[in-house]
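Inspection log for the structure reproduced underneath, given as structure tokens.
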Amino acid sequence: MQLLLQQVMAGLANGAIYALVALAVVMIYQAIDHLNFAQGEMATFSAYVAWQLIAWGTPYWLAFVAVVILSFIGGVATERILFKPLHNASILANLVAFIALFSILNSGDGYLWDYTIKTFPSPFGTKPLFGSVLIDAHEAGMIGVTAVMLGLIYLFFRGTRLGLAMRAAAANPESARLVGIRVGWMTALGWGIAAAIGGVAGMLIAPIVFLDPNMMFGVLLYGFAGAVLGGLTSPAGAVLGGFAVGVIENLGGTFIPYFGRDLKLTIALLVIVAVLMVRPAGIFGRSVVSRV
Amino acid sequence: MTTPHQDTTLFAPAGQALGARRAALLTTRHWVWAGVLAVAVVLPFVFQGFVVFQLTEVMIYGLAILGLNLLTGFNGQFSVGHGAFYGLGAYVTAILMQRYGVAYYWTVPAAGGVCFAVGALFGLPALRLQGLYLALATFALAVALPQLLKFHGLEDWTGGVQGIVVDQPDVPGFLPIDTDQWLYYFTLAVVLAMFAGAANLVKSRTGRAIMAIRDHPIAAAAMGVNEPLYKTLTFGVSALYTGVAGALGALAVQFVAPDSFSLFLSINFLVGLILGGMGSLPGCLFGGLFVLYVPNIAESVSRGLAGAIYGVIMLLVIFVMPSGAAGFTRLAFAYVSRWRNR
Chain A
29 MQLLLQQVMA
39 GLANGAIYAL
49 VALAVVMIYQ
59 AIDHLNFAQG
69 EMATFSAYVA
79 WQLIAWGTPY
89 WLAFVAVVIL
99 SFIGGVATER
109 ILFKPLHNAS
119 ILANLVAFIA
129 LFSILNSGDG
139 YLWDYTIKTF
149 PSPFGTKPLF
159 GSVLIDAHEA
169 GMIGVTAVML
179 GLIYLFFRGT
189 RLGLAMRAAA
199 ANPESARLVG
209 IRVGWMTALG
219 WGIAAAIGGV
229 AGMLIAPIVF
239 LDPNMMFGVL
249 LYGFAGAVLG
259 GLTSPAGAVL
269 GGFAVGVIEN
279 LGGTFIPYFG
289 RDLKLTIALL
299 VIVAVLMVRP
309 AGIFGRSVVS
319 RV
Chain B
7 MTTPHQDTTL
17 FAPAGQALGA
27 RRAALLTTRH
37 WVWAGVLAVA
47 VVLPFVFQGF
57 VVFQLTEVMI
67 YGLAILGLNL
77 LTGFNGQFSV
87 GHGAFYGLGA
97 YVTAILMQRY
107 GVAYYWTVPA
117 AGGVCFAVGA
127 LFGLPALRLQ
137 GLYLALATFA
147 LAVALPQLLK
157 FHGLEDWTGG
167 VQGIVVDQPD
177 VPGFLPIDTD
187 QWLYYFTLAV
197 VLAMFAGAAN
207 LVKSRTGRAI
217 MAIRDHPIAA
227 AAMGVNEPLY
237 KTLTFGVSAL
247 YTGVAGALGA
257 LAVQFVAPDS
267 FSLFLSINFL
277 VGLILGGMGS
287 LPGCLFGGLF
297 VLYVPNIAES
307 VSRGLAGAIY
317 GVIMLLVIFV
327 MPSGAAGFTR
337 LAFAYVSRWR
347 NR
């Protein structure tokens with residue numbers, strides 16, 4: 029029982045990372061209808077900027093806020109410069125652009141900050157929480173931040189005019205344009221928000237996995253899996269999906285004899301594909317009904 | 007990501023009025039192909055060792071991309087996991103040759119057969135998934151394969167992390183050429199046969215059914231196209247093509263190891279497919295050229311920034327030719343002929 033509890037908690041702690049990334053993935057999916065393969069690299073880049081600012085002597089929270097703002101600007105700029113011209117190109121042309129962005133950022137990180145692994149400070153410290161061995165302060169803080177961000181996003185999309193405009197632009201661009209919403213800028217805004225969430229994710233993940241140019245690659249895979257499992261149309265679903273992936277992975281790794289330890293990732297993916305067989309649009313996703 | 011819709015004007019054959027011109031064009035096209043083939047036959051005698059090996063690799067990648075193209079470009083099913091079929095084909099060849107002493111030329115059809123079976127089986131659950139969800143399922147395949155190959159329970163077969171060293175195929179005694187050249191011709195022959203097969207397939211009744219499913223699944227079903235059957239079969243055939251490419255790859259590189267078949271291989275195939283042109287057969291070879299040579303060129307420009315330069319080149323290509331090399335060529339020809347008719 030103790031072991032089960034411990035593994036579930038460890039899974040939740042990992043899951044918090046995936047949930048953060050899944051949230052960023054879903055945000056951008058809502059805004060542009062594409063999965064951004066370069067999301068993880070954008071987050072890594074943000075984390076590097078934060079590291080640099082802290083190395084120059086900026087206080088942590090100041091650097092944190094600065095990086096969130098810079099990431100937002102960077103996200104908007106990326107959309108305006110790179111992806112707006114590809115607006116009418118096929119989905120797959122966009123995919124190549126994502127892969128290209130991935131490659132550029134990954135190699136650029138390595139060039140600017142070299143490939144050695146760097147430590148990254150945690151704002152919450154790493155002491156065990158309440159003297160228990162189950163979870164430490166940073167992991168708890170990360171779960172807390174995920175919950176707060178989810179709440180803010182919910183309020184933004186449900187409660188503000190801008191949020192409504194963004195939802196309208198994503199759901200039906202033509203009609204949205206007719207009622208005077210600037211659809212192009214809504215897309216850019218979606219990129220900005222996703223980049224800012226990604227920046228937060230990068231800064232919170234870096235203390236755990238350590239900072240290096242490839243730190244987000246594995247995380248992004250799980251984040252995608254979580255987002256798809258939860259349903260790409262639902263931010264809350266994506267967060268739950270992220271946590272679920274973390275828990276499944278840990279439990280499978282511990283309790284399935286013989287295969288478990290080596291094939292942890294494979295088992296997690298198998299479970300996800302099996303779930304998709306039953307609910308092809310993810311657990312909380314709405315399936316799209318199309319007119320003939 | 008719903009079905010990757012193509013600009014239909016690029017696909018539709020030129021109208022009825024152009025019928026006579028098309029017949030004439032067809033013969034020009036035959037001449038072009040004969041010329042390309044002649045060049046392909048002569049090349050190994052013009053260049054030496056390593057270049058011949060690279061050209062062999064280009065053809066192999068082209069074949070793998072053709073497999074992906076049959077699925078994604080012609081049938082509209084999305085896969086980010088074709089590296090797995092490539093790896094499976096390579097391992098079938100390596101295991102049959104090294105563990106069971108089968109002659110290398112028999113391992114190629116065997117790899118194709120195994121991949122067809124696995125691909126068709128995978129196509130069954132894929133029937134329920136669309137777009138991104140299908141992408142995730144295939145992606146799971148790409149991530150799982152290296153782990154399975156490393157798995158200690160299968161080590162007797164796969165050689166675990168170490169992989170398997172594959173023997174060099176013997177050059178038939180009566181030919182005065184070296185191994186690189188022989189591998190080149192062997193690959194050329196297989197690739198030619200496979201491309202001819204694909205060209206016939208997409209022109210046939212079956213091929214039209216496959217493309218109808220891509221263009222409008224509901225309309226296709228209403229016309230009596232058996233959607234589940236064709237989708238599963240296309241998945242199988244696509245895996246077969248990529249698997250044969252993997253088998254040829256194992257022979258050319260003479261080594262297989264789990265980490266050569268990572269997710270990046272699948273992504274490379276996808277890049278090659280998109281830059282070459284969805285739904286175009288010659289485009290696959292352009293894709294093969296691109297994913298083999300451009301990273302090398304980027305590395306020769308700057309070692310530290312190789313990835314960034316590769317990315318920038320990818321962006322430039324996609325900005326100039328959003329519908330790939332094939333779409334670009336078609337547009338260019340259309341432009342030239344319009345200009346001449348003026």
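These protein sequences, in sequence, are chains A and B.
So the first sequence is numbered by the working numbering: it starts at 29 and just counts up by one.
So the second sequence is numbered by the working numbering: it starts at 7 and just counts up by one.
By construction, the Cβ of each residue, glycine as well, lies at the ideal position given by its N, Cα and C atoms.
Cβ-Cβ separation, residue j to residue i (assumed contact under 8 angstroms), whole Å
i: B:Ala199; j: B:Leu287; result: Contact flag wrong, Cβ pair sits at about 13 angstroms.
i: B:Thr193; j: B:Leu271; result: 18 angstroms between Cβ atoms; not a contact.
i: B:Gly165; j: B:His158; result: About 11 angstroms; that fails the 8 angstroms criterion.
i: B:Leu281; j: B:Gly330; result: 6 angstroms
i: A:Ala75; j: A:Phe148; result: 7 angstroms
i: B:Ala143; j: A:Leu304; result: 7 angstroms
i: A:Gly270; j: A:Gly310; result: Contact doesn't hold; Cβ gap of about 12 angstroms is too wide.
i: B:Phe201; j: B:Leu72; result: 7 angstroms
i: B:Ile219; j: B:Tyr236; result: 6 angstroms
i: A:Met70; j: A:Gly226; result: 5 angstroms
i: B:Val172; j: B:Leu257; result: 7 angstroms
i: A:Leu297; j: B:Val42; result: The Cβ separation is near 42 angstroms, so there is no contact.
i: A:Phe100; j: A:Ala78; result: Wrong, their Cβ atoms sit about 14 angstroms apart, outside the cutoff.
i: A:Phe245; j: A:Gly68; result: 6 angstroms
Which of helix, strand or coil DSSP assigns to residue i
i: B:Pro19; result: Low confidence applies here, because B:Pro19 scores a pLDDT of 46, under 50, leaving its location unreliable; read the following figure in that light. Correct three-state label for B:Pro19: coil.
i: A:Ile284; result: coil
i: B:Val58; result: helix
i: A:Lys155; result: coil
i: A:Ile311; result: coil
i: A:Leu291; result: coil
i: A:Leu239; result: strand
i: A:Ile145; result: coil
i: B:Ile170; result: strand
i: B:Pro10; result: Only weak support exists for where B:Pro10 lies, its pLDDT of 46 falling under 50; the value from the coordinates is given anyway. Note: B:Pro10 maps to coil in three-state DSSP.
i: B:Gln153; result: helix
i: B:Leu43; result: helix
i: A:Gln58; result: helix
i: B:Gly68; result: helix
i: A:Gly43; result: helix
i: B:Thr34; result: helix
i: A:Val207; result: coil
i: A:Ser99; result: helix
i: A:Met244; result: helix
i: A:Thr86; result: coil
i: B:Asn1; result: Outside the displayed range of chain B (7 to 348) lies residue 1 of chain B, so it cannot be described from this structure.
i: B:Thr144; result: helix
i: A:Ser262; result: coil
i: A:Leu304; result: helix
i: A:Leu140; result: helix
i: B:Met284; result: coil
i: B:Pro50; result: helix
i: A:Asn64; result: coil
Extent of the continuous alpha helix (DSSP H) to which residue i belongs
i: B:Tyr316; result: 312 to 326
i: A:Lys112; result: First-last for A:Lys112: undefined, no H or E at that position.
i: B:Tyr92; result: 88 to 106
i: A:Asp164; result: Taken as a continuous stretch (DSSP letters only), A:Asp164 belongs to no alpha helix (DSSP H), as it is neither H nor E.
i: B:Phe267; result: Careful: B:Phe267 lies outside any alpha helix (DSSP H) and carries neither H nor E.
i: A:Met29; result: Where A:Met29 is concerned, there is no enclosing alpha helix (DSSP H), given that its DSSP letter is neither H nor E.
i: A:Val77; result: 67 to 83
i: A:Met194; result: 189 to 199
i: B:Ser343; result: 330 to 347
i: B:Val114; result: 110 to 132
i: B:Leu303; result: Here the sequence assigns Ile to residue 303 of chain B, which means Leu is not the residue at that position. Residues 287 to 307.
i: B:Thr164; result: 161 to 164
(message) So if I threshold CB-CB distances at 9 angstroms, which residues from the region 102 to 121 of chain A count as touching chain B?
(response) Leu110, Pro113, Leu114, Asn116, Ala117, Ser118, Ile119, Leu120, Ala121
(request) Taking only runs that begin and end inside the region 177 to 264 of chain B, name each unbroken beta strand (DSSP E) of 3 or more residues, in chain order. (result) none
(message) At a CB distance below 8 angstroms, what residues from the region 280 to 301 of chain A approach chain B? Give them in sequence order.
(response) Tyr286, Phe287, Asp290, Leu291, Leu293, Thr294, Leu297, Leu298, Ile300, Val301
(request) Closer than 7 angstroms, Cβ to Cβ, to anything on chain A: give me those residues from the region 300 to 314 of chain B, in chain order. (result) Gly310, Leu311, Ala312, Gly313, Ala314
(request) Taking only beta carbons into account, state which residues of the region 203 to 226 of chain A come closer than 9 angstroms to chain B, listed in chain order. (result) none
(message) Against chain B, which members of the region 66 to 82 of chain A pass a CB distance test of less than 7 angstroms?
(response) none
(message) Beta carbons nearer than 7 angstroms to chain B: which residues of the region 131 to 148 of chain A have them?
(response) Ser131, Ile132, Asn134, Ser135, Gly136, Tyr139
(request) With 8 angstroms as the limit, tell me which residues of the region 127 to 139 of chain B have their beta carbon closer than that to any beta carbon of chain A; keep them in chain order. (result) Pro131, Arg134, Leu135, Gln136, Leu138, Tyr139
(message) What are the residues in the region 249 to 266 of chain A lying within 8 angstroms of chain B by C-beta distance?
(response) Leu249, Phe252, Ala253, Val256, Leu260
(message) For the region 31 to 64 of chain A, list every residue whose C-beta sits within 9 angstroms of some C-beta in chain B, in sequence order.
(response) Tyr57, Asp61, His62, Leu63
(message) At a CB distance below 7 angstroms, what residues from the region 315 to 327 of chain B approach chain A? Give them in sequence order.
(response) Tyr316, Gly317, Val318, Met320, Leu321, Ile324, Phe325
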